[in-house]
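Undergrad:
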Amino acid sequence: MIDFPSSTTSSITNELIEKIRRLISLKEKIKIIGGGTKERLGRKVFGNPINVSENRGIITYDPAELFVTVRSGTPIAYLEAVLKQHGQYLPFEPPHLGEQATVGGVVACGLSGPSRPYKGALKDYLLKVKIINGKGEVLTFGSQVIKNVAGFDLFRLMAGAQGTLGIILEVTFKVLPLPPFSTTVVLEKNATEALRFLSIIAAKYFPISASCYYNNRLYVRVSGYEKPVRRAAKAIGGDILANDHQFWNSVKERTHPFFRNSQRLWRFVLPQAAPLTPIEGEWFFDWGGSQRWWKGEGDNREAIFRWARDQGGYAWYLDKEETLASPLDTALMRIHRRIKEAFDPFGLLNPGRIYEEF
Amino acid sequence: MFKERKTKNSKNHSELIKTLLHSLPKEEVIHEPEELSVYECDGLTAFKVLPLAVVIPQKIAEILVILSACKRFGVPIVVRGGGTGLSGGATPVEGGIVLSLSKFNQILEIDPINRIARVEPGVTNMQVSQAAAPYGLYFAPDPSSQIACTIGGNIAENAGGIHCLKYGLTVNNVLAIKMLTVEGEIVSIGNVGGESPGCDLLSLIVGSEGMLGIVIEATLRLVPKPECAKLVVGCFDDITKASKTVSQIIASGIVPAGLEIMDKLVIEAVQFYIQVGFPISVAAVLLCELDGMFEEVEEECRLVEQMMIQMGATEIILSKNEEERLLLWKARKSAFPAAGRISPDYYCMDGTIPRKSLAFVLNRIAELAAQYNLRVGNVFHAGDGNIHPLILYDNSIAGEKERVESLGEKILELCVEVGGSITGEHGVGLEKLGPMCFQFSLEEIWQFHRLKRALDPHALLNPGKAIPTLHRCAEFGKMHVHQGQIAFRNVERF
Numbered sequence: 001m002i003d004f005p006s007s008t009t010s011s012i013t014n015e016l017i018e019k020i021r022r023l024i025s026l027k028e029k030i031k032i033i034g035g036g037t038k039e040r041l042g043r044k045v046f047g048n049p050i051n052v053s054e055n056r057g058i059i060t061y062d063p064a065e066l067f068v069t070v071r072s073g074t075p076i077a078y079l080e081a082v083l084k085q086h087g088q089y090l091p092f093e094p095p096h097l098g099e100q101a102t103v104g105g106v107v108a109c110g111l112s113g114p115s116r117p118y119k120g121a122l123k124d125y126l127l128k129v130k131i132i133n134g135k136g137e138v139l140t141f142g143s144q145v146i147k148n149v150a151g152f153d154l155f156r157l158m159a160g161a162q163g164t165l166g167i168i169l170e171v172t173f174k175v176l177p178l179p180p181f182s183t184t185v186v187l188e189k190n191a192t193e194a195l196r197f198l199s200i201i202a203a204k205y206f207p208i209s210a211s212c213y214y215n216n217r218l219y220v221r222v223s224g225y226e227k228p229v230r231r232a233a234k235a236i237g238g239d240i241l242a243n244d245h246q247f248w249n250s251v252k253e254r255t256h257p258f259f260r261n262s263q264r265l266w267r268f269v270l271p272q273a274a275p276l277t278p279i280e281g282e283w284f285f286d287w288g289g290s291q292r293w294w295k296g297e298g299d300n301r302e303a304i305f306r307w308a309r310d311q312g313g314y315a316w317y318l319d320k321e322e323t324l325a326s327p328l329d330t331a332l333m334r335i336h337r338r339i340k341e342a343f344d345p346f347g348l349l350n351p352g353r354i355y356e357e358f
Numbered sequence: 001m002f003k004e005r006k007t008k009n010s011k012n013h014s015e016l017i018k019t020l021l022h023s024l025p026k027e028e029v030i031h032e033p034e035e036l037s038v039y040e041c042d043g044l045t046a047f048k049v050l051p052l053a054v055v056i057p058q059k060i061a062e063i064l065v066i067l068s069a070c071k072r073f074g075v076p077i078v079v080r081g082g083g084t085g086l087s088g089g090a091t092p093v094e095g096g097i098v099l100s101l102s103k104f105n106q107i108l109e110i111d112p113i114n115r116i117a118r119v120e121p122g123v124t125n126m127q128v129s130q131a132a133a134p135y136g137l138y139f140a141p142d143p144s145s146q147i148a149c150t151i152g153g154n155i156a157e158n159a160g161g162i163h164c165l166k167y168g169l170t171v172n173n174v175l176a177i178k179m180l181t182v183e184g185e186i187v188s189i190g191n192v193g194g195e196s197p198g199c200d201l202l203s204l205i206v207g208s209e210g211m212l213g214i215v216i217e218a219t220l221r222l223v224p225k226p227e228c229a230k231l232v233v234g235c236f237d238d239i240t241k242a243s244k245t246v247s248q249i250i251a252s253g254i255v256p257a258g259l260e261i262m263d264k265l266v267i268e269a270v271q272f273y274i275q276v277g278f279p280i281s282v283a284a285v286l287l288c289e290l291d292g293m294f295e296e297v298e299e300e301c302r303l304v305e306q307m308m309i310q311m312g313a314t315e316i317i318l319s320k321n322e323e324e325r326l327l328l329w330k331a332r333k334s335a336f337p338a339a340g341r342i343s344p345d346y347y348c349m350d351g352t353i354p355r356k357s358l359a360f361v362l363n364r365i366a367e368l369a370a371q372y373n374l375r376v377g378n379v380f381h382a383g384d385g386n387i388h389p390l391i392l393y394d395n396s397i398a399g400e401k402e403r404v405e406s407l408g409e410k411i412l413e414l415c416v417e418v419g420g421s422i423t424g425e426h427g428v429g430l431e432k433l434g435p436m437c438f439q440f441s442l443e444e445i446w447q448f449h450r451l452k453r454a455l456d457p458h459a460l461l462n463p464g465k466a467i468p469t470l471h472r473c474a475e476f477g478k479m480h481v482h483q484g485q486i487a488f489r490n491v492e493r494f
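Note that the protein sequences, when read in sequence, are chains A and B. Take 1 as the starting number for the first sequence in the numbering used here and just add one per residue. Take 1 as the starting number for the second sequence in the numbering used here and just add one per residue.
Next comes the structure, spelled out in structure tokens:
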């Protein structure tokens, strides 16, 4: 167990809770703000700003037990730096999307990086979340242990709920040791060949930790012990990519040249081997082909959402300022609204952030 | 008044059975008491309730008929898969029916390109891996009942198994489901690609013990088989040393496929049952399975062996080939039947604790066992801190069962005290309603109830399971009383 000079004390958390409770008692709508780096990832929210970024600091970090508990306003970059000092990391490689990014924002947006199809998503590493719900109740769900099936998994429900169900106060992640060795190979392939090739190598027991495709090049990263990694890299083929850390960081942070001038951007999440999208333009595939980016407006948004649905997946349209997600069907929307009511009966927390309806 | 209500209920019951018999093929409705007794409990045999009827539909349309009839007559439904659950999740509810999904047993698709299996809920866990085997793939969660337990049940209970330390629980291996809501609509939840818009309903439904909807189809992630697997077994003269080795292995960065401990009592029982050749005087064995690519398995075997020796292992057995590996696992897998041979009855507990507390908790359990004058054997998933104390007893001795239950609760309370959970993989069901009050505050339990009501407003789906009533928590003596004040005085207690 490692002791941290607390950068804040729990009194900051208590002040935050009191502030939130005051707004709730006045039935005032609340717009939750952390580092302010993820505004674009949802719809615009109008409400009294509540800034959680002062609620920061690592509460418990026990490297031998592979878990860390942090306050929601802790900068994700700081957390990752501390983990790195102890040879550990967050295996879902969360995109920060800005220096000020907080742990709470990353969890609320449910963000996972390039390793997602191979190492799991943020929700797979979430062990415990402490929230304040729309009634002003402070609730903790989950536990520091990996195996815990007591009660509904309401902590996982917070991942990606964008603050609509509760304001995140504290988060516990499962962490893992950094892989001792990593290398990336680059292969010349067109998009169709790349998708097929990814399926073939994914069915073998190779320690692949990321893969993406752009402009007739397929990039595959392998991580683990040096010997098996070298053998796997050789079997996959291609040339070794220099500075691969920088490359994957640009993929994770969406700073790769593809994302330049991407004021209008489509994001698709599809089965890995889903066919190529029938729209021309510049494409970038991540997550072994599951996450696909396309730069462009798309003349007919409805048709694009429908196409994604027909492939067994979903789409998100990001314009300069906000994101619109694939529409939900009536029954699913009703479930969402009822769940929202169960957590936030007065509809005060980040209202309309994901969909207008809740 | 009570009598009136009862008459009304029994009238509704006979009307419901009439409706079911009228709208479903005769062989799909069981309502004769002698036939119903097969369904009176699941793997937790201590709780038995005779259901009003059992329905075994073959089509979705029939489930819809059943749902609407139950809604009309206010009769609760308990969905049942293989009936192997250990916490009473599928125990019938008084005055309710059992909906068996055993006829929904088709594997709809194995897609080796996307590495997924699309299956109906009544398919057994083992059948999925068997169907995927020709492609070098398998479904990772492997609960010990995998021959008989169904995917629907795995989803309801978020089942684990020996290999979930490395490969995750059911929640980490289900990609999408189709679910019938209590309103009778079919909703698609999740996405093979890994992310859906809106809230993560998939993670909410997995592990919800059949209380939020009826899963009628699941898309599962398949993973490639490792190049090789090896088992390193360390024998120790002290269980504390074995426990500390567990922490050390995990802290070193190795993630074994399985990391299990058996204590002296269990080893002796197993040796009596099957010959594996553990040293006679051994107090604990630690089984560490390593899998992956050849080079990494070789490297990790070496490291684990070194750590075991450093921590004082008296002997190390390394599986030389596949037969040896399977034989050593057989010893571990025979632990429960073996316990059944040395004691007329046993009660298998299921709690999770931080690994660093293993030695402390095991010693404390031994002390408690002595106090209660009961024998407790330990065989468990040490790598993820999921303990399974086996309390041995004789049901024919008056009062012994009550003593066992009381000891069991003490053990679970201990798990929560050290920062763990009252259930690692068996679920809450009926069995752990009381201990839920240790782990959660009243406000948290109330939040669970509100969520249940959001998806099942009339409490038709497996009511009374998994989440204790606040009344029960009050009775359990675990009201969060702070300076003489009961939290949330105004909260309704039922």
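A virtual CB, placed ideally from N, CA and C, is assigned to each residue, including glycine.
Determine the extent of the beta strand (DSSP E) in which His256(A) is found, giving its start and end residues.
TA: Note, His256(A): premise wrong, no beta strand (DSSP E); not H, not E.
Undergrad: Which full runs of the beta strand (DSSP E) of 3+ residues lie inside the segment 187–237 of chain A, going along the chain?
TA: Runs of the beta strand (DSSP E) inside the segment 187–237 of chain A: 208–214 and 217–224.
Undergrad: Which residues of chain A have a Cβ atom closer than 7 Å to the Cβ of Gln306(B), listed in chain order?
TA: By Cβ distance, chain A contributes nothing, its closest Cβ being about 16 Å from Gln306(B), past 7 Å.
Undergrad: Could you please give the first and the last residue of the uninterrupted beta strand (DSSP E) stretch that includes Glu217(B)?
TA: Residues Ile214 to Arg221.
Undergrad: Closer than 8 Å by C-beta to Ser208(B): which residues in its own chain qualify, once you throw out the five before and the five after it? Chain order, please.
TA: Same-chain partners within the cutoff: Ala156 and Ala466.
Undergrad: DSSP three-state call for Asp310(A): helix, strand or coil?
TA: Helix.
Undergrad: How far does the alpha helix (DSSP H) with Ile239(B) in it reach, from first residue to last?
TA: Element bounds for Ile239(B): Ile239 to Ala251.
Undergrad: Please say whether Asn378(B) and Val232(B) have beta carbons closer to each other than 8 Å?
TA: No.
Undergrad: Quick one: Cα of Ala264(A) to Cα of Ser250(A), how far?
TA: Note that residue 264(A) is Arg in the sequence shown here, rather than Ala. The alpha-carbon atoms of Arg264(A) and Ser250(A) are separated by roughly 19 Å.
Undergrad: At the level of alpha carbons, what is the spacing between Thr60(A) and Gln130(B)?
TA: Each residue's Cα considered, the two are about 43 Å apart.
Undergrad: Give me whichever residues DSSP pairs with Trp283(A) in a beta bridge.
TA: Trp294(A), per the DSSP bridge assignment.
Undergrad: Mind the definition here: the segment 152–168 of chain A touches the segment 343–354 of chain A only if three or more C-beta pairs lie below 8 Å; say whether that holds.
TA: The segment 152–168 of chain A is in contact with the segment 343–354 of chain A.
Undergrad: Fully enclosed by the segment 279–332 of chain B, which alpha helix (DSSP H) runs are 4 residues long or longer?
TA: DSSP runs (the alpha helix (DSSP H)) wholly in the segment 279–332 of chain B: 294–310.
Undergrad: Where does Ala370(B) land, buried or exposed, given buried means 16+ other C-beta within 10 angstroms?
TA: Counting Cβ neighbours within 10 Å, Ala370(B) comes out exposed, since fewer than 16 surround it.
Undergrad: In chain order, what residues of the same chain lie with their CB nearer than 7 Å to the CB of Glu492(B), ignoring the 5 residues before and after it?
TA: Confidence in Glu492(B) is poor, its pLDDT being 38 and thus under 50, which makes the residue's placement too unreliable to answer from.
Undergrad: Does the structure place the segment 51–68 of chain A close enough to the segment 92–106 of chain A that three or more beta carbon pairs sit under 8 Å?
TA: Short answer: they touch.
Undergrad: Between Ser281(B), Ile214(B) and Gly427(B), which has its C-alpha nearest Ser188(B)'s C-alpha?
TA: The shortest C-alpha separation from Ser188(B) is found at Ile214(B).
Undergrad: Short check: CB of Val70(A) to CB of Val171(A), under 8 Å?
TA: Contact: yes.
Undergrad: Hey, does Asn490(B) have any beta-carbon neighbour from chain A nearer than 8 Å?
TA: Note that Asn490(B) has pLDDT 41, beneath the 50 cutoff, so the model's placement of it is unreliable and the number below is only indicative. No, because no Cβ of chain A sits closer than 8 Å to the Cβ of Asn490(B).
Undergrad: I need the boundaries of the alpha helix (DSSP H) containing His336(A), first residue and last residue.
TA: Element bounds for His336(A): Thr330 to Phe343.
Undergrad: To the nearest angstrom, how far is it from the Cα of Trp358(B) to the Cα of Glu367(B)?
TA: The question names Trp, yet the displayed sequence has Leu at residue 358(B). For Leu358(B) and Glu367(B), the distance between alpha carbons rounds to 14 Å.
Undergrad: If we count Cβ pairs, one from each stretch, closer than 8 Å, do we get three or more for the segment 341–361 of chain B versus the segment 297–307 of chain B?
TA: Touching, no, given that fewer than three Cβ pairs across the two stretches are closer than 8 Å.
Undergrad: What span of residues does the alpha helix (DSSP H) with Ala81(A) cover, start to end?
TA: Segment Ile76 to Gln85, the alpha helix (DSSP H) holding Ala81(A).
Undergrad: Consider the Cβ of Arg355(B): report whether some Cβ of chain A lies at a distance smaller than 8 Å.
TA: Yes, because at least one Cβ of chain A sits closer than 8 Å to the Cβ of Arg355(B).
Undergrad: Between the alpha carbons of Ser252(B) and Ala64(A), how many angstroms are there, rounded?
TA: C-alpha separation (whole angstroms): 8 Å.
Undergrad: Closer than 8 Å, Cβ to any Cβ of chain B: which residues of the segment 96–111 of chain A, in chain order?
TA: Residues passing the 8 Å Cβ filter: Gly110.
Undergrad: Buried or exposed, going by whether 16 or more other CB atoms sit within 10 Å of the CB of Glu93(A)?
TA: It is buried - the Cβ of Glu93(A) has at least 16 other Cβ atoms within 10 Å.
Undergrad: Quick check on DSSP: helix, strand or coil for Cys164(B)?
TA: Three-state DSSP puts Cys164(B) in a helix.
Undergrad: Would a check of beta-carbon distances place Ser68(B) closer than 8 Å to chain A?
TA: No, because no Cβ of chain A sits closer than 8 Å to the Cβ of Ser68(B).
Undergrad: Quick check on the DSSP output: the alpha helix (DSSP H) that includes Met262(B) runs from which residue to which?
TA: Here Met262(B) belongs to no alpha helix (DSSP H); instead the beta strand (DSSP E) covers Gly258 to Asp263.
Undergrad: Residues bridged to Met211(B) by DSSP?
TA: According to DSSP, Met211(B) bridges with nothing at all.
Undergrad: Should Val106(A) and Ile131(A) be called a contact, given that it needs their Cβ atoms to be closer than 8 Å?
TA: No, they are not a contact pair.
Undergrad: Determine, using beta carbons only, whether Met479(B) comes closer than 8 Å to chain A.
TA: Summary for Met479(B): the model assigns pLDDT 44, below 50, so the residue's position carries little reliability; its value from the coordinates is reported in the next sentence. It does not: the Cβ of Met479(B) has no partner Cβ on chain A nearer than 8 Å.
Undergrad: Counting Cβ pairs closer than 8 Å, one from the segment 8–19 of chain B and one from the segment 40–58 of chain B, do we hit at least three?
TA: Result yes; three or more Cβ-Cβ pairs closer than 8 Å.
Undergrad: Consider the Cβ of Ile467(B): report whether some Cβ of chain A lies at a distance smaller than 8 Å.
TA: Closer than 8 Å: yes.
Undergrad: Say yes only if the C-beta of Ser209(A) is nearer than 7 Å to one or more non-hydrogen atoms of the ligand FMN, and no if none qualify.
TA: This structure lacks the ligand FMN, and indeed carries no ligand of any kind.
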